[in-house]
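Step one of this worksheet: look at the structure below.
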Amino acid sequence: MCTSSARTSLGSMRATGPPCCDLQAWIPPQHLFSHGFLTKDGMKMGKSLGNTLDPHALVDEFNADAVRYYFLRGIEFGRDGDFSRERFIQIVNAELANSVGNLLNRSMNLLRRHCNLTLPVVAPSEHPLAELTRKCTAEAAQLYAELNFAAAGEALMRIAGEANVYIDREAPWTKLRQPETKSDAFVVLAVILEAVRVLGIALWPLVPQTSVRILRTLGYPVDANGRIRTDADTESAFIPQWEDTAWNARPDIVHEGTRFPAPEPVFPRLE
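Here you go:
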């Protein structure tokens, strides 16, 4: 984007105006961003071929977050890329609907069935998934700063992937059936929900609407219109900060005694 201080400019013929004005004032841009070209199904798009891609129609058919995620996660920012409907659906379903959305839904449904959506424990600060989350969010922060959104998304999906491995290995649905292992199951769910909370913040630059649904499901306070607030005592809108990705950064959200709202679908599968 072209800033008033001419620090960043777009390397595109459609944006020659502002950079030229900056140069006329002898204020050279410090960064020049040049976008790549997009093909569809491996072919150049054109009206004569009848294969143009209408972004508005794509958003209407699916949703804005799905489209946004594919072009940031599935194509390296600034490089040439290709749109394939099959690959688009595969990436979005595998990562957003399954790895993140289904993980949260499974965990919340277990809480609903076994403890009325109330979390009896807090996630331990020292845990292998906590350590991985710290490592991956630090990596993602640096990659976001470098505009490497695809790699940032990959780093964050490692958290989701390991969280799914963890819940499958520990099988809290089995532990919840036995009184002597119930407490272990609740620790598993607390760890999973804290990891998903971190993802809800860290994925915001890629899928803001999905992040809102994640945080709303985890009990972040909302106003009458469903918008997230900073806290329960103020009406100010919630503005995510990277500090919120720290493990157990919000002890008022995922903590011992938390009563979660009825879960909502976080991300529907694309068909």
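Quick note: to get our numbering, add 100 to the position in the sequence shown (first position is 1).
Cβ atoms here follow ideal geometry from the backbone N, Cα and C, with glycine treated the same way.
Within 8 angstroms, strictly: CB atoms of Leu299 and Leu219: Contact flag unset, no.
Reduced DSSP secondary structure (H/G/I, E/B, other) of Lys147: Coil at Lys147, not helix or strand.
Residues near Leu204 in its chain [Cβ-Cβ closer than 7 angstroms; skip 5 each side]: Around Leu204: Val296, Ile314, Thr317 and Val366.
Candidates Phe171, Phe177 and Asn193, of which the one nearest Pro183 by Cα: A quick correction: the sequence has Phe, not Pro, at residue 183. Comparing Cα positions, the closest option is Phe171.
Residues that DSSP places opposite Gly181 in a beta bridge: Beta-bridge pairing by DSSP links Gly181 to Leu138.
Proximity winner among Phe137, Asn202 and Val221, relative to Glu356 (alpha-carbon distances): Looking at the Cα atoms, Val221 is the closest of the given residues.
Pro313 (DSSP reduced to helix, strand or coil): Note that residue 313 corresponds to Arg in the displayed sequence, not to Pro. Helix, per DSSP.
Distance between Pro340 and Ser105 (C-alpha atoms, nearest Å): Confidence at Ser105 is low in this model, with a pLDDT of 38, below 50, so the placement of that residue should be treated as unreliable; the coordinate-derived value is given next. Approximately 26 angstroms between the Cα atoms of the pair.
Cβ neighbours of Leu256 in the same chain (closer than 7 angstroms, five flanking residues each side left out): Excluding positions up to five away in sequence, the list reads Cys236, Ala240, Leu299, Ala302 and Leu303.
Where Thr152 sits in the DSSP three-state scheme: Look at Thr152 here: in three-state DSSP terms it is coil, with no helix or strand label.
Beta-carbon proximity check, Ala166 vs Leu370, cutoff 8 angstroms: Against a cut-off of 8 angstroms, the Cβ pair of Leu370 and Ala166 comes out as a contact.
Option nearest Ala271 by Cα separation, candidates Arg206, Tyr244, Ala245 and Asn198: Comparing Cα-Cα distances from Ala271 to each of Arg206, Tyr244, Ala245 and Asn198, the minimum goes to Arg206.
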